[in-house]
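Participant:
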Amino acid sequence: MPIFKNIYMEALIKKLKTEIIEILNLEDLEIDDINTDDPLFNEGLGLDSIDALELIVLMEKEYGIKIEDPAEGKKIFHSVKTMAEFISKNQ
Amino acid sequence: MPQYYSRKMTNKYCITSFSMIGKGKVSQNGLMKKYAYTGDDLLYLKSIYKSLGINYPKFYKMDPLCKLAFLSGEFLLEGIDLKSKYDPSQIALVFSNSASSLFTDINHTNTILDPDQYFPKPAVFVYTLPNIMLGELSIRHTLKGENVFFVSRQFDAGFMSEYTHDLLNTTRLKACIVGWVDYLDQGFESAMFLIENMDAAKCGDLLSPENLEEKIHTFANL
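These protein sequences, in sequence, are chains X and G.
FYI, the numbering for the first sequence is 1 to 91, going by my numbering.
FYI, the numbering for the second sequence is 1001 to 1222, going by my numbering.
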């Protein structure tokens, strides 16, 4: 039932954006400022290596997903969308 | 009397700028600025940051000690173009405080106390050293000279003055930021001084323990 999946993904993406803003102290950003497909690092939100570690902790603490392969992390944390897709598949 | 007080100093170094931050008040070279303090230290620091009208998102990621140092640095160096006068490697930082990074150390400890909720926060952990504030200031103002951090019960004006004299006299360093930046639950305070080699005729206040203390006492009593 794609409709349920779409609603779930939408809610998950919104939740992730809220968590990213809160955990990474991006106080000057609102949820709408983060484009779901935009890169989180470098030219996107400009996150750094410490932020990457925080995102790894977030995945484990909030979603029970442990990321141990750094190469895998690069793909998972490309954007909010890739994060949400990974959570949806692995939770 | 400690030995360093008794050594004779040849004074040619001048306090060319200073800033101080306390509850509800900020001093920029003696000019007092009032800020509303409602009892929340972090909100207070944030309100000062907002009032400066600068865009430096990293500020929000800093721990309170670094936020305090960052703001003090903004007031200290506003309108001063260090880059045009010195190579970045010629500007030193000599800092001290009494609580080290204890506030953040405790925050970090709280994230690892419960074995079932063992989630250390990397963004907190990276601030569990007091000299990280020197790094933040160095990044912000492109300072690449020697830096050192001391922990002492109180601001030791005699030691800080003599250490800075020795540093500037015996190395290729040309300027120095001397600072006392302290943050703990019980309170916070910050005082920073820019020290430069300057013609005595143009110098308002020479670097001396008396002048450092006098500026701090004046601010504290206001």
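C-beta: ideal position from N, C-alpha, C; glycine also.
#1: Ordered along the chain, which non-local residues of its own chain (more than five positions away) have a Cβ less than 6 Å from that of Lys1023 of chain G?
#2: With DSSP as the reference, identify every bridge partner of Gln1186 of chain G, one or two as the case may be.
#3: Leaving out five residues before and five after Ser1006 of chain G in sequence, what residues of the same chain have Cβ atoms less than 6 Å from its Cβ?
#4: Could you tell me whether any Cβ in chain X is nearer than 8 Å to the Cβ of Tyr1013 of chain G?
#5: Three-state secondary structure (DSSP) at Tyr1044 of chain G?
#6: Compare the C-beta of Tyr1037 of chain G against all C-beta atoms of chain X and say whether one is closer than 8 Å.
#7: Please classify Asn90 of chain X as buried or exposed, where buried requires at least 16 neighbouring CB atoms within 10 angstroms.
#8: So is Tyr1163 of chain G in contact with chain X if we call contact Cβ pairs under 8 Å?
#9: Taking Ser1072 of chain G and Val1181 of chain G to be in contact with their CB atoms under 8 Å, please state how far apart those CB atoms are, rounded to whole angstroms.
#10: Measure from the alpha carbon of Leu1134 of chain G to the alpha carbon of each residue in G:Val1148, G:Asp1199 and G:Lys1046, then state which is nearest.
#11: Using only the alpha-carbon positions, how far apart do Ser1019 of chain G and Leu1093 of chain G sit?
#12: Who are the Cβ neighbours of Glu1146 of chain G in its own chain at under 6 Å, not counting the five residues just before and after it?
#13: First and last residue of the alpha helix (DSSP H) that includes Leu26 of chain X?
#14: When we look at the beta-carbon of Phe1219 of chain G and count the other beta-carbons within 10 Å, is it buried (16 or more) or exposed?
#15: So what's Ala1099 of chain G in DSSP terms, helix, strand or just coil?
Facilitator: In short, the structure shows the following:
#1: Tyr1037
#2: Gln1186 of chain G is not bridged to any residue.
#3: In this prediction, Ser1006 of chain G has a pLDDT of 45, which is less than 50 and means its spatial position is unreliable; nothing more can be read from the coordinates.
#4: no
#5: helix
#6: no
#7: exposed
#8: no
#9: 6 Å
#10: G:Val1148
#11: 15 Å
#12: Ala1092
#13: No alpha helix (DSSP H) contains Leu26 of chain X, which DSSP labels as neither H nor E.
#14: buried
#15: coil
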